[in-house]
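Mapping of the sequence shown onto this note's numbering: position 68 corresponds to residue 68, and the numbering continues sequentially without gaps.
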Amino acid sequence: MNINQKTKKIASVVGTSALALFAVYAALVFWVVRTVDKAVFVLGEIAEETHKEENLRLLKNSVQNTEGDRAQIAALFVSEDGIVSFIERVESLGVSSHAQVLLQSVSVEGGVLKLDISATGAFSEVFHFLTLLEKLPYRTVFEKVSILKLPEDKKGNEWQALATFDLLSFNSATGAGDKK
Numbered sequence: 001m002n003i004n005q006k007t008k009k010i011a012s013v014v015g016t017s018a019l020a021l022f023a024v025y026a027a028l029v030f031w032v033v034r035t036v037d038k039a040v041f042v043l044g045e046i047a048e049e050t051h052k053e054e055n056l057r058l059l060k061n062s063v064q065n066t067e068g069d070r071a072q073i074a075a076l077f078v079s080e081d082g083i084v085s086f087i088e089r090v091e092s093l094g095v096s097s098h099a100q101v102l103l104q105s106v107s108v109e110g111g112v113l114k115l116d117i118s119a120t121g122a123f124s125e126v127f128h129f130l131t132l133l134e135k136l137p138y139r140t141v142f143e144k145v146s147i148l149k150l151p152e153d154k155k156g157n158e159w160q161a162l163a164t165f166d167l168l169s170f171n172s173a174t175g176a177g178d179k180k
């Protein structure tokens with residue numbers, strides 16, 4: 001064999017080996033890139049899931065931490081189930097003010113609880129009742145209020161208040177509870 005042929009053979013073996021090594025290198029690089037991509041994808045999913053779990057934990061903590069506040073807010077509204085309790089509360093204001101209170105009508109119109117009320121007694125008692133009614137911790141509107149002096153009779157100096165009273169902070173199943 002001649003040197004030229006040996007050189008060609010060595011060059012051919014070296015070239016083939018280099019090509020094979022390059023192919024193996026390229027395959028390894030491709031495999032590493034794919035593995036890194038998969039790892040990045042999995043890490044991204046883990047980070048996203050961790051973020052979701054953290055948000056859920058924060059939300060649960062917020063719900064627990066605001067339980068008292070939500071109960072206080074709920075107490076500022078009267079639900080359909082609470083109409084009787086609300087009426088009893090209005091009647092108890094009459095007892096507190098020493099006025100005789102009569103609920104003439106109660107209705108729900110457009111998500112608003114409407115009450116027609118009359119109160120009878122001395123002027124100070126009737127006025128005190130109206131003041132207590134106005135100061136209830138609910139969003140209310142008096143549509144109409146009139147205070148009349150009743151004719152003198154055996155009882156003496158009696159007054160009567162007639163009021164149409166709307167409870168806007170009312171949660172009804174049919175209305176929004178807010179009148180504009």
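Using N, Cα and C, we set each Cβ at its ideal position, and we do this for glycine too.
Item, Value
"Helix, strand or coil at F255 according to DSSP, with G and I counted as helix", "Past the boundaries of the shown model lies residue 255; the chain is included only from 1 to 180, so the question cannot be answered."
"Sufficient close CB pairs (3 or more, under 8 angstroms) joining the segment 116-130 to the segment 154-164", "yes"
"A11, buried or exposed, once every other Cβ within 10 Å from all chains shown has been counted against 16", "exposed"
"Whole-angstrom distance between L21 and G15, CA atom to CA atom", "10 angstroms"
"Beta carbon of A167 nearer than 8 angstroms to that of V112", "The sequence shown places Leu at residue 167, not Ala. Yes, they are a contact pair."
"T7 versus L19 - alpha carbon distance", "18 angstroms"
"Inter-residue CB distance, H51 and S97 (contact presumed, cutoff 8 angstroms)", "About 58 angstroms separates the two Cβ atoms, so there is no contact after all."
"Which residues DSSP lists as bridging L13, in chain order", "Strictly speaking, residue 13 in this sequence is Val, with Leu absent from that position. Paired residues: none, contrary to the question."
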